[in-house]
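Visitor:
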Amino acid sequence: MSRPTTPLPLIFATRGLVVWALARAAAGLTLVLAGAPPREAFVLAPSAALLMVGVAAALGHVDVARRGERALLGNFGVSRMRLTAWVALPALAGEIALGALAGTLG
0 MSRPTTPLPL IFATRGLVVW ALARAAAGLT LVLAGAPPRE AFVLAPSAAL
50 LMVGVAAALG HVDVARRGER ALLGNFGVSR MRLTAWVALP ALAGEIALGA
100 LAGTLG
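Per numbering that gives the first Met the number 0: the sequence shown = residues 0 to 105.
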């Protein structure tokens, strides 16, 4: 018995979440190693948070290019804008959640 196929948006949203988490952790670790207090390293200003969303979206496109999936997605009718949305929305949600958590913790 074959298992049901996973929808494309879910696949790319999951990849986007993983890419964002790794990029966010790398940026935070870099700031901590540079001497920033840990709290300030992981709580970013809104402009820096938007930059992280852009970095996650760009890395998502790099991942698609590295895997050679661009032509396949084009055949499925997935535009670059739609792919960007699928990859960037989890990063945006994560940044909003981290910002809300930082605001709650004071």
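Just so you know, even glycine gets a beta-carbon here, dropped at the ideal spot from N, CA and C.
Can you grab the Cα-Cα spacing for the pair ALA90 / HIS60, in whole Å?
Guide: So the two alpha carbons sit approximately 14 Å from each other.
Visitor: Using a Cβ-Cβ cut-off of 6 Å (strictly less than) and excluding sequence neighbours within five positions of VAL86, which residues of its own chain qualify?
Guide: Excluding positions up to five away in sequence, the list reads PHE11, GLY15, ALA56 and GLY59.
Visitor: Within 10 angstroms of the Cβ of MET80, are there 16 or more other Cβ atoms? Answer buried if so, exposed if not.
Guide: Exposed, since its Cβ has fewer than 16 Cβ neighbours within 10 Å.
Visitor: In angstroms with no decimal places, state the Cα-to-Cα distance between VAL54 and SER1.
Guide: One C-alpha to the other measures close to 36 Å.
Visitor: Can you tell me the Cβ-Cβ gap for ASP62 and VAL18, rounded? I've got them flagged as a contact below 8 Å.
Guide: Going by Cβ atoms, the distance from ASP62 to VAL18 rounds to 7 Å, so yes, they are a contact pair.
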